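Input: a single structure, listed below in structure tokens.
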Amino acid sequence: MSMVEALREALAEEMRRDSSVIVMGEDVGVLGGIYRVTQGLLEEFGPERVRDTPISEEAFMGAAIGAAVTGLRPVVEIMYADFLANCMNQIVNFAAKMRYCSGGQLRVPVVVRTMVGHGRGHGGDHSQVPMTWFMNIPGLRLVAPSTPYDAKGLLKTAIRDDSPVLFFEPHLLYRVRGPVPEEEYTIPFGRADIKRRGEDVTIVAVSAMVPRAVEAHERLREEGITAEVIDPRTLNPLDIETIVESVKRTNRLITVEYSPKTGGVGAEIAALVVERAFDYLDAPIIRVAAPDVPVPVSPPLGRMTVPTVEEIVEAVEALL
Amino acid sequence: MSMVEALREALAEEMRRDSSVIVMGEDVGVLGGIYRVTQGLLEEFGPERVRDTPISEEAFMGAAIGAAVTGLRPVVEIMYADFLANCMNQIVNFAAKMRYCSGGQLRVPVVVRTMVGHGRGHGGDHSQVPMTWFMNIPGLRLVAPSTPYDAKGLLKTAIRDDSPVLFFEPHLLYRVRGPVPEEEYTIPFGRADIKRRGEDVTIVAVSAMVPRAVEAHERLREEGITAEVIDPRTLNPLDIETIVESVKRTNRLITVEYSPKTGGVGAEIAALVVERAFDYLDAPIIRVAAPDVPVPVSPPLGRMTVPTVEEIVEAVEALL
Amino acid sequence: MAPSLDEMIQMYRKMLEIRRFEEAIADLYHRGEVPSSAHLYIGQEAVAVGVCSALRRDDYVLTTHRGHAHNIAKGVSMRRLAAEILGKATGLCKGKGGSMRASSLADGVVYACPIVGSNIPIAAGVGLSIKLRGTDQVVACFFGEGASNIGDFHEGINLAALWRLPVLYVCENNLYALSVSQRRSTLVEDIASRASAYGIPGVVVDGNDVLAVYEAARRAVEDARGGRGPTLIECKTYRWLGHHAGDPGFAYRPKEEVEAWRERCPIKRFRRVLLSRGVTEEELASVEEEVEEAVRDAMDFALESPYPGPEELLRDVY
Amino acid sequence: MAPSLDEMIQMYRKMLEIRRFEEAIADLYHRGEVPSSAHLYIGQEAVAVGVCSALRRDDYVLTTHRGHAHNIAKGVSMRRLAAEILGKATGLCKGKGGSMRASSLADGVVYACPIVGSNIPIAAGVGLSIKLRGTDQVVACFFGEGASNIGDFHEGINLAALWRLPVLYVCENNLYALSVSQRRSTLVEDIASRASAYGIPGVVVDGNDVLAVYEAARRAVEDARGGRGPTLIECKTYRWLGHHAGDPGFAYRPKEEVEAWRERCPIKRFRRVLLSRGVTEEELASVEEEVEEAVRDAMDFALESPYPGPEELLRDVY
Ligand SMILES: Cc1ncc(C[n+]2csc(CCOP(=O)(O)OP(=O)(O)O)c2C)c(N)n1
Ligand SMILES: Cc1ncc(C[n+]2csc(CCOP(=O)(O)OP(=O)(O)O)c2C)c(N)n1
Ligand SMILES: [Mg+2]
Ligand SMILES: [Mg+2]
């Protein structure tokens, strides 16, 4: 099934299990979400629990927080992750901090589902992968699935978690299919998934870059190079142990993301690996990422802002 | 003179020089700013150019952008950097991107002055040092002065620059005095300042951590250790060359900031140094930073969130 | 339906508690015992007390940077409130939130939001949770007239109105937002008139008349509990002191204006009402004494309480 | 003051340009030539043309995701507009902005803001710059009724009102914000009624009557140029097609409603007016032919234009 379908299953199952789970956001009800993730929920759960909102990101994010601290478990959809900027205050100054600043009185079980990295020509303010806006904010959980299986299991965990979770869904992978079991399952936060075993280099790829890293692994294998491919799956908590353990074997690290390179996720991973596995590193760490530009609409330029399999392969070759 | 006075001089001089420079923000007029940076400007330049605004961060940030693209050079004050979250959309989706997305038609010469890291018990949503929210946003300039001299010279450069600039003023250093020449001067972006020469370790300290790093240098000297202390002064552009050149001599790097460690400025600096000076590094890079918590009000806890001279000294000792 | 005489005496007690509490905090502030800034409520007591007296114990409140009063009016322990303001381990939030975030969920004070206007959408969400949980609680959300110019006000009230949520939006119009007077922040005279932009009732009341505030709140509570949605109540009042304890408050306000408002003291005024209704000087004097004692006790408790230990630093993040 | 007959023929031409241009873009979209989504304006032509006809060449416009029309109405080259929509090097923004950001500062179209409502404060700033530079320009800011629920609307109009800035706020009320109808987003009937929350005039006009729109805009321009501040003009209209070219637009709207509005075609209606004022069928037919030709030429130009080269990737960031 596709990631869209897997997400939809996770939402429906959790809403059946727990009547305090509600869904709100723009066009999530009647339309079923512009990417159809919430399709059918209005019909099954009714308009009290599946709420179309006005175009008021700050308000419905705030409302989700208020509902969460008094007993509900809202799942909010922010249509494009770029619009997180429109409710940054509620996320950063409230969702992330209320538990701590209230001395533990409040819990904020809000899940913010949002679409990252459109990957087609939707332009600079409709294409961002803004995970690092939130990496410096203690109190938030950051989740970035790359398969239907992970998306479903992680979303269920997110909904049951008592902390606010930003859940980044990659548009580039919405329609990609993958196996999802019939039985109920969840995936714990903070457990990286080793997608491919290898001995020569560790590639940590995030979100939509994971399948590209896997493809790079396949191509490299033809050259006799084995790359270990790791998908951290959650950036907060980050399973740095798995990454470090891998680098201790391969002695080389490449990070792959599709946000601009400067201040990206790769920086934090690189810094942590240097901190914990410095003596094992045989080469500089290469960060494969988008160039430091807003995403342009024009197709040939736009394509240059999403790292390709070739770029990953070349980075590995440069390291060895 | 104090940094507050130096900033005030920079504003007044630029407003005298160029009638398109205006100042706006909450309480910047009649009150002269809650930290008194804009004191006297209303009297000298009048209410058209020195504008008290309603509590509408998103609106006056947007208005500054609109004014900037049509001929003015607004300097906006955001009272606490935490409130950048209230106008994140205008900064990230417009100020940073309009030049690129308009194909170079528009220029957005806006300066956003804001106070970071209150450092006293103002609490989690009034104490952040949110530089890394913006490090992943191409199109912005990020400035973080640590002396009255730098503050004045960099603010003048910021006002004359055609790109949007976020100008982070450290509350902890507002009242600290330092020399500022009578003559006019500016400081170019992207030039780090080497505060102290040393051979044993490079300390890159940011904003209010610079004087602490300098003090650490003095203490270490007593132990016969010489630490090179570098203040990058601007984080975008970042003078990585100066840092790399230093690490090539000292072979060791420590970064010091007072934002939470995860996803902080130190991560990017560490990643760049690993990229460019890997073969010169003799030890892991240590990032001295705040713990990953919101800043608590209670004084003994609050103090634990601002790195001390001792912590820097200990980090150096751990490296050697 | 007016409150009973007993209830009125309770209201008087609460108003006085707020007044004395804030005076004591101002004192501690000037002695360097308050780690953060402290935004005092003196002069506005009729608003917090008028509104909270119309609430049930299980109703909710959301407050602001100027929130000590709403805690007291809602029945929160003054001891633990004072301890919180001083950053002590015995505080409502273990000292982590301080003056600007002091709140007590157990007493219905959900949170104090120090970012202006942010509590307005959050209150809508509390209303939503009430609605979906099917209780008949209500939530009162306090904010200043300055907050009525921020986007959260617009988006939040529109949402609460659209979904007919049980929220009282209480605008405490004290004429100033920090140094900026209302007429330098909007052309609108009555903030309550903005209610029409959301299709809900807007009411203006004399915010220094606790019975008038009570009556407006009572009606709004009735509507909210009855499923008829939110009301915007604007209480015209004044803060006697500066924006916070360290601000003399005269740089941007004419002395005469401050003086004129001090003449209209909501507590003195209510005291006269009580006397006219037959309460005796002695009864009031004994309330007054009890309040002084309770406030003194709260401050002593706070001062004597320990600070949180270092192990608290990393707790409560997740 | 009504426009002259010549001016009216020009207005007719512009409306038709928009209609044909959008049809041609829809066509290219379905042929896969448009890299982004394309939010078409068909059915709303009277608004863009009515307002822009009341503007001077040196006046400013700020538009939205649905902004092709405002560019055309303001006199921007259809060739370069089409090229921009296709992401070509010859586009207004070198192909970097695309459909949702297509704009031409040289023609007064400052920017198209694809984040809903964000242009409202930006327009206030353009007004501020006009005021401080001392020219007598004005700026027209277009947005949908959906945008009237976001904080930027509230904060931005309040600011423009307070500072009496020369801005026309034009709400294009097409009854839907993507799939959400107006009555599912606010209790308010007329968005224009929100003007009272900022102390400025609000006007409701038939947005399918180009002369009515023109007249409302003309008065607002007069006020703005005269230093009397902004006006909020609400134009009631309808988008015939889906939210964007890939949306059939029927999942959330009754077919009959769409049909009823198609009956009220603003172009046909204006055509009848022109005929009744003595313009001949032949004159109109020749305008129609010229428009078809101009639109065809624009599309050919756009299709034949090259994409930007890779060296453009890193340009224009700083
Ligand atoms: C979004 C935001 N901007 C600015 C501030 C700084 N600030 C704190 S209180 C205040 C004035 C608030 O005025 P009002 O809402 O009228 O409440 P009052 O203080 O008068 O009770 C300001 C500007 C803030 N806390 N949040
Ligand atoms: C802040 C924000 N939220 C959501 C969106 C996604 N979006 C784009 S257009 C639109 C509907 C806008 O409706 P309206 O303002 O009425 O304009 P219309 O499309 O009807 O012309 C939405 C929800 C956006 N661009 N910006
Ligand atoms: Mg006020
Ligand atoms: Mg609409």
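Protein chains in written order, with the working numbering: chain A, 1 to 320; chain B, 1001 to 1320; chain C, 2001 to 2318; chain D, 3001 to 3318. The beta-carbon is built from N, C-alpha and C at its ideal position, and this holds for glycine as well. This structure is a prediction, so every number in the text was calculated from the model and none was measured.
Just grab the DSSP bridge partners of residue i for me.
i: Asp231(A); result: Asp193(A)
i: Ile1254(B); result: Ile1203(B), Ile1286(B)
i: Lys2236(C); result: Asn2173(C), Asp2206(C)
i: Pro1074(B); result: Ile1022(B)
i: Ala2141(C); result: At residue 2141(C) the sequence reads Cys, which differs from the Ala that was named. Per DSSP, Leu2062(C), Tyr2169(C).
i: Pro1260(B); result: Ala1290(B)
i: Thr2231(C); result: Leu2168(C)
i: Leu220(A); result: None; Leu220(A) has no bridge partner.
Inspect the beta-carbon positions of residue i and residue j and report whether they are closer than 8 angstroms.
i: Ala64(A); j: Val110(A); result: yes
i: Val1165(B); j: Leu1320(B); result: no
i: Ala1012(B); j: Lys1152(B); result: no
i: Gln2044(C); j: Gly2227(C); result: no
i: Asp282(A); j: Arg252(A); result: yes
i: Glu2292(C); j: Arg2020(C); result: yes
i: Phe1189(B); j: Pro1237(B); result: yes
i: Glu1985(C); j: Val2203(C); result: Since the first residue of chain C shown is 2001 and the last is 2318, residue 1985(C) is not available in this structure.
i: Gly266(A); j: Ala1271(B); result: yes
i: Gly3144(D); j: Ala3177(D); result: yes
i: Asp82(A); j: Asn1136(B); result: no
i: Ser1207(B); j: Val1108(B); result: no
i: His2070(C); j: His2039(C); result: no
i: Ile2042(C); j: Asp1125(B); result: no
i: Ile3157(D); j: Leu3232(D); result: yes
i: Thr250(A); j: Ile269(A); result: no
i: Gly1029(B); j: Pro1047(B); result: yes
i: Val1247(B); j: Ala1277(B); result: yes
Does any residue of chain A bring its CB to less than 8 angstroms from the CB of residue i?
i: Asp1125(B); result: yes
i: Met1015(B); result: no
i: Glu3257(D); result: no
i: Val1274(B); result: yes
Any heavy atom of ligand 6 inside 7 angstroms of the beta-carbon of residue i?
i: Asn251(A); result: Although ligand 6 was asked about, the structure shown includes only ligand 1, ligand 2, ligand 3 and ligand 4 as ligands.
Any C-beta of chain C sitting closer than 8 angstroms to the C-beta of residue i?
i: Val1129(B); result: no
i: Arg1120(B); result: yes
i: Gly66(A); result: yes
Does residue i come within less than 8 angstroms of chain B when only Cβ atoms are used?
i: Asn2158(C); result: no
i: Gly3125(D); result: yes
i: Gly3097(D); result: yes
When you compare the CB of residue i with every CB in chain D, is at least one pair closer than 8 angstroms?
i: Phe83(A); result: yes
i: Ala2082(C); result: no
3 or more residues per run - each beta strand (DSSP E) lying fully within the segment 3065–3129 of chain D:
Given a length threshold of 3 residues, each whole run of the beta strand (DSSP E) inside the segment 3065–3129 of chain D is given here in chain order: 3109–3113.
Note down, one range per segment and in chain order, each alpha helix (DSSP H) of at least 4 residues found wholly within the segment 1006–1070 of chain B.
Segments of the alpha helix (DSSP H) lying fully in the segment 1006–1070 of chain B: 1041–1049, 1057–1069.
Could you pull out every unbroken alpha helix (DSSP H) segment of at least 4 residues lying fully inside the segment 1110–1180 of chain B, listed in chain order?
Here the runs fully enclosed are 1148–1160.
Taking a cut-off of 7 angstroms, which residues have a beta-carbon closer than that to any heavy atom of ligand 4, in chain order?
Each of Gly3144(D), Glu3145(D), Gly3146(D), Glu3172(D), Asn3173(D), Asn3174(D), Leu3175(D), Tyr3176(D), Ala3177(D) has a C-beta closer than 7 angstroms to some heavy atom of ligand 4; these make up the full list, in chain order.
Within the segment 3255–3282 of chain D, note down every full beta strand (DSSP E) run reaching 3 residues or more, in order along the chain.
Those beta strand (DSSP E) runs which fall completely within the segment 3255–3282 of chain D and span 3+ residues do not exist here.
Which whole runs of the alpha helix (DSSP H) in the segment 2008–2052 of chain C are 4 residues long or more, in chain order?
Counting whole runs of 4 or more residues, the segment 2008–2052 of chain C contains the alpha helix (DSSP H) stretches 2045–2052.
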